[in-house]
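Written out below as structure tokens is the structure these notes cover.
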Amino acid sequence: MNWSVLSCSEFSTHQKAWADLNRKTMNLAFFEPEFVQGLIAHFFDGNEKLVVAYANDELQFAGFFKPHGKGRWATAMPSQCPLGLFLHREPQISSSVMKSLCSALPGNVAMLDMLQMDSKYSQFTPADEFEIMPYITSGNRPIPEDFDKYFQSLGKNMRQNYNKVINRAARAEDTLSWQKVTKPAEVKQAIIKYGELESSGWKGEEGTAISPDNTQGKFYQQALGSLAENNKACCWYYLINDEIVAVDLCIQQDDCLIILKTTYNEQFNKQSPALMLKIEMIKHYSQQRELEGINNIEFYGKAMEWHKRLDSTLREIEHVTYFPNKLLKSAINLIKKVKK
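Residue numbers for the sequence shown follow our numbering, beginning at 6 and rising by one.
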């Protein structure tokens, strides 16, 4: 396998091949070039390298890697991207491929960390030549063919809580509604609204909220705005009396919708607006399957109790470390055992 180690600025030269490889493999919207370009522009510091490997003029492997101290490299991992930036043509990633990748990277590579790898798409073989560590349990919710049947299958508490919100609103003569926006200008405005809601809560107090003028806000406006131009981004609002009280920032590729970010107005905790919005989304995509074409919702975050209450499918996101030198791996494992 012949690898080329390039500057990140050369991504534009390879982005068509990158997009083709993504669509033939994982087919995830956050691996689309528009999203990756946004990550490079706003979160890369210049130490990252684009590494590519072609065979018969077709891209086989591609990823962004960054040095982490002497002899250690890792996949580039901006927190705004749910998975490590690495694409591979086959689901199985062999130790021989990793060895050749380590040889291509600058310097003497003693450890290579593959961060946040989705076990649905990436398997490392033989497993005993890798250190595989669980990172988080994530979830996805397949869109049910029959929403009413699906809703009745949910736990009693979930159904009762949903109905309580509906009934409480009816008694108070409150109007509950949702809205989905898809146009680039609407998506950018939704990101601004998202920032306003997030800034009013605990993230605003900690200084980690999205705002139109900070790096996060600029990134999401660029990345989702660009994706929206190709019908690959949308934002969902949940409204009470026409006031927006929850926002989901979403991207989509073919039949898969990914919820990237969720926020809500904490003054409306009793109305569970973020969870209510998820149920309305599932209902809409179930009832409009032919029109929307969405068959699956990915959450790509730590599975929370409400994921389970929605009867989501759970799987592991993993950190994987490869050691070109087996003796080093054995020595590190021995040290870990001694420390215990």
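In this text, a Cβ means the ideal position worked out from N, Cα and C, and glycines have one as well.
This one's a predicted model, so the numbers in the text were calculated from it and none came from an experiment.
C-beta contact flag for residue i and residue j at 9 Å
| i | j | result |
| --- | --- | --- |
| GLU150 | ARG28 | no |
| VAL56 | PHE70 | yes |
| CYS261 | ALA67 | no |
| GLN128 | PRO96 | yes |
| SER291 | ASP247 | no |
| SER100 | GLU134 | yes |
| GLY306 | SER124 | no |
| TYR140 | GLU323 | yes |
| VAL102 | TRP78 | no |
| CYS13 | PHE49 | yes |
| GLU191 | ALA233 | yes |
| ALA308 | LEU296 | no |
| TYR167 | ILE284 | yes |
| THR30 | LEU92 | yes |
| VAL186 | TYR269 | no |
| PRO355 | ILE197 | Given a span of 6 to 345 for the chain in the structure shown, any question on residue 355 remains unanswerable. |
| GLY51 | LYS75 | no |
| ILE287 | TYR126 | no |
| CYS240 | ALA195 | yes |
Neighbourhood of residue i by C-beta, 7 Å cutoff - its chain only, sequence neighbours within 5 removed
| i | result |
| --- | --- |
| LEU265 | LEU254, CYS255 and ILE256 |
| LYS237 | ALA34, GLU37, ILE256, GLN257 and GLN258 |
| ILE45 | CYS13 and PHE16 |
| PRO83 | LEU44 and PHE48 |
| ALA22 | LEU64 |
Start-to-end residues for the beta strand (DSSP E) that takes in residue i
| i | result |
| --- | --- |
| GLN20 | Here GLN20 belongs to no beta strand (DSSP E); instead the alpha helix (DSSP H) covers 16-29. |
| PHE273 | Careful: PHE273 lies outside any beta strand (DSSP E) and carries neither H nor E. |
| TYR140 | 135-147 |
| THR187 | Note, THR187: premise wrong, no beta strand (DSSP E); not H, not E. |
| MET6 | It is not in any beta strand (DSSP E) - MET6 carries neither H nor E in the DSSP assignment. |
| TYR327 | 318-327 |
| GLU53 | First-last for GLU53: undefined, no H or E at that position. |
| ILE302 | 301-303 |
| LEU33 | Careful: LEU33 lies outside any beta strand (DSSP E) and carries neither H nor E. |
| THR130 | 128-130 |
| LEU117 | 116-123 |
| LEU92 | 91-93 |
Continuous alpha helix (DSSP H) stretch holding residue i: start and end
| i | result |
| --- | --- |
| LYS104 | 100-109 |
| GLU39 | 38-48 |
| PRO291 | Rather than Pro, the amino acid found at residue 291 in this sequence is Ser. It spans 278-292 - the alpha helix (DSSP H) in which SER291 sits, taken as one unbroken run. |
| GLN4 | As displayed, the chain neither begins before 6 nor continues past 345, which places residue 4 out of reach and without an answer. |
| GLN157 | 152-158 |
| LYS313 | 310-314 |
beta-carbon residue i near the ligand COA non-hydrogen atom, thresh 8 Å
| i | result |
| --- | --- |
| MET119 | The model depicted lacks the ligand COA and carries no ligand whatsoever. |
Cutoff 6 Å; reference residue i; Cβ partners in own chain excluding five residues on either side
| i | result |
| --- | --- |
| GLY43 | PHE224, GLN227 and ALA228 |
| LYS193 | GLN226 and GLY230 |
| ALA174 | LEU181 |
| ASP118 | ALA79 and THR326 |
| LYS208 | ALA214 |
| ALA81 | GLU53, PHE69, LYS71 and LEU90 |
| ILE137 | GLU323 and VAL325 |
| LEU110 | TRP78 |
| SER130 | In the sequence on display, residue 130 carries Thr and not Ser. Once the five neighbours on either side are set aside, the close Cβ partners of THR130 are GLN97 and SER99. |
| GLN20 | PRO38 |
| LYS104 | PRO329 |
Proximal residues to residue i (C-beta, below 8 Å), its chain only, five neighbours per side dropped
| i | result |
| --- | --- |
| ASN301 | ASN145, ARG146, PRO147, ILE148, ASP260, CYS261 and LEU262 |
- Task: Examine the Cβ distances between the stretch 8-24 and the stretch 41-61 and report whether three or more of them are shorter than 8 Å.
- Result: Verdict: yes, contact present.
- Query: In chain order, which beta strand (DSSP E) runs of at least 3 residues are fully inside the stretch 201-262?
  - Reply: For the stretch 201-262, whole beta strand (DSSP E) runs of length 3 or above, ordered along the chain, are 238-245 and 248-258.
- Are the stretch 312-323 and the stretch 155-171 touching, with three or more C-beta to C-beta distances below 8 Å? Result yes; three or more Cβ-Cβ pairs closer than 8 Å.
- Item | Contained beta strand (DSSP E) runs [length at least 3] in the stretch 61-87, N- to C-terminal order | Every unbroken stretch of the beta strand (DSSP E) spanning 3 or more residues and falling wholly within the stretch 61-87 is given here in chain order: 63-72 and 77-80.
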